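A.B. asks:
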Amino acid sequence: MRSPSRPAGKLSAKEICTLALIGALLFAAKAALASLPNVNLNAVIIILATVFFGWRALYSVGIYVMLEGLVFGGNGYLLWWFGYLYTWPLLVAVCMLFRRNDSALIWAVIAAVFGLVFGPLMYLEYFAINGGWEMFFAMWVSGIPYDLIHCGGNFVFTLVLYKPLYRVMERFLGTPPGREKISEQA
């Protein structure tokens, strides 16, 4: 006799498809906004994926990072891609700490802070491989205008899109784990 529940750690076919689609959506949304420097929907999409899937959101992030490397990593220049291997999963880890939060404003602040620290996090590899503290500092300072744009874009997109996208995902995926208790308290 088969157990009605699936074993822990196993993904259902629906979860595999949904997480793969979220990874592809991350890539497509970034490509759609590529003409705007450092403005993308990645933070709000990853936040929502983490709210609904927990650590399994790392599958979507992995697909996104793989697609970025495959499409844009050519010409012998893959150094930026290594930063993606730890920076985007770090956002999932931070979101796990706040996963039960339901405030669009708090998520927008988290996304904005991530936008500010994204550049310096990406430059860590330059510190380790190329030029030490001097190169890291020079890259960071020269990137501050882009980090500010990234911060502002993340804040606005998350503040505006978190609730509507949450409702769409809830309609198709059901209520995220742990949310029943939050809605019962309200």
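By the numbering used here, the letter at position 50 of the sequence shown is numbered 122, and the numbering carries on one by one without gaps.
The beta-carbon is built from N, C-alpha and C at its ideal position, and this holds for glycine as well.
The structure presented is a predicted model; accordingly, all values stated were derived computationally and were not measured.
(1) Is there contact between the region 185 to 204 and the region 219 to 230, where contact requires at least three CB pairs shorter than 8 Å?
(2) Spatial neighbours of residue 251 within its chain, please: CB distance less than 8 Å, with the 5 preceding and 5 following residues excluded, ordered by chain position.
(3) Could you give the distance in angstroms between the alpha-carbon of residue 128 and the alpha-carbon of residue 168?
(4) For residue 203 and residue 125, I'd like the C-alpha separation in whole angstroms.
(5) Using only CA atoms, which one of 235, 150 and 143 lies nearest to residue 119?
(6) What is the C-beta distance between residue 237 and residue 111, in whole angstroms, given that I count them as a contact (C-beta under 8 Å)?
(7) Would you mind working out which of 90, 114, 87 and 109 sits nearest residue 259, comparing C-alpha positions?
(8) I need the boundaries of the alpha helix (DSSP H) containing residue 88, first residue and last residue.
(9) Between the Cα of residue 224 and the Cα atoms of 249, 187 and 247, which residue gives the shortest distance?
(10) Skipping 5 residues on each side, what residues in its chain have a beta carbon closer than 6 Å to that of residue 179?
(11) Return the CA-CA distance between residue 84 and residue 165, expressed in angstroms with no decimal places.
(12) Would you decide whether residue 299 is buried or exposed? Buried here means 16 or more other CB atoms lie within 10 Å of its CB.
(13) Would you call residue 183 buried or exposed, if buried means 16 or more other Cβ atoms sit within 10 Å of its Cβ?
(14) Can you grab the Cα-Cα spacing for the pair residue 226 / residue 200, in whole Å?
(15) Identify, in the order they occur along the chain, each residue of the same chain with its Cβ nearer than 7 Å to the Cβ of residue 248, setting aside the five sequence neighbours on each side.
(16) Assuming residue 197 contacts residue 145 (C-beta within less than 8 Å), just tell me the rounded distance between them.
C.D. replies: The relevant details are as follows:
(1) yes
(2) 172 and 174
(3) 11 Å
(4) 39 Å
(5) 235
(6) Contact doesn't hold; Cβ gap of about 17 Å is too wide.
(7) Because residue 259 is not part of the residues shown, which for the chain are 73 to 258, the question remains open.
(8) 85 to 104
(9) 187
(10) In chain order, 119, 230 and 234 place their CB closer than 6 Å to the CB of residue 179, counting only its own chain and leaving out the 5 sequence neighbours on each side.
(11) 22 Å
(12) Residue coverage of the chain in this structure runs from 73 to 258, which leaves residue 299 outside it and unanswerable.
(13) buried
(14) 28 Å
(15) 123 and 124
(16) Actually they do not touch by this definition, with Cβ atoms about 14 Å apart.
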